[in-house]
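Notes follow once the structure below has been shown.
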Amino acid sequence: MADTDEFWTAEEVSNYLRIPQSTIYKLAQDKVLPGFKVGKHWRFRRETVLEWIKKREAQGESKGDK
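Be aware that the sequence shown starts at 0, since it is given in numbering that gives the first Met the number 0, and climbs by one per residue.
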């Protein structure tokens with residue numbers, strides 16, 4: 000694993016994006032937000048989440064858009 004790898008919990012992603020943790024779980028389960036489960040717990044690679052945000056910004060999507 001590279002030194003730059005950092006993993007966030009669903010709570011940390013929720014705090015960073017300022018959206019409910021339940022929304023993070025839903026996005027992850029629907030494979031909209033890239034993440035993976037370790038046992039019962041979701042984990043998100045920090046860099047992947049930041050790239051996902053940039054991609055959505057470039058596409059002009061907001062939270063309510065589908």
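Idealized CB from N, CA, C, for every residue including glycine. Quick caveat: nothing in here was measured; it's all calculated off a predicted structure.
Cβ neighbour criterion (16 or more within 10 Å) applied to residue i
i, result
"residue 23", "buried"
"residue 110", "Since the displayed the chain opens at 0 and closes at 65, residue 110 lies outside it and no answer follows."
"residue 31", "exposed"
Bounding residues of the alpha helix (DSSP H) (the contiguous stretch that carries residue i)
i, result
"residue 12", "9-16"
"residue 54", "45-58"
"residue 39", "Per DSSP, residue 39 belongs to no alpha helix (DSSP H) and is neither H nor E."
"residue 32", "Counting along the chain, residue 32 falls outside any alpha helix (DSSP H), and DSSP gives it neither H nor E."
Residues near residue i by beta carbon distance below 8 Å, same chain, minus five either side
i, result
"residue 42", "6, 7, 8, 34, 35, 36"
CA nearest to the CA of residue i, picked from the options
i, options, result
"residue 15", "38, 25, 56, 52", "52"
Residues of its chain near residue i, where Cβ-Cβ distance is below 6 Å and the 5 sequence neighbours each way are ignored
i, result
"residue 13", "20, 23"
Close Cβ partners of residue i (< 7 Å) along its chain, the five nearest in sequence each way excluded
i, result
"residue 54", "none"
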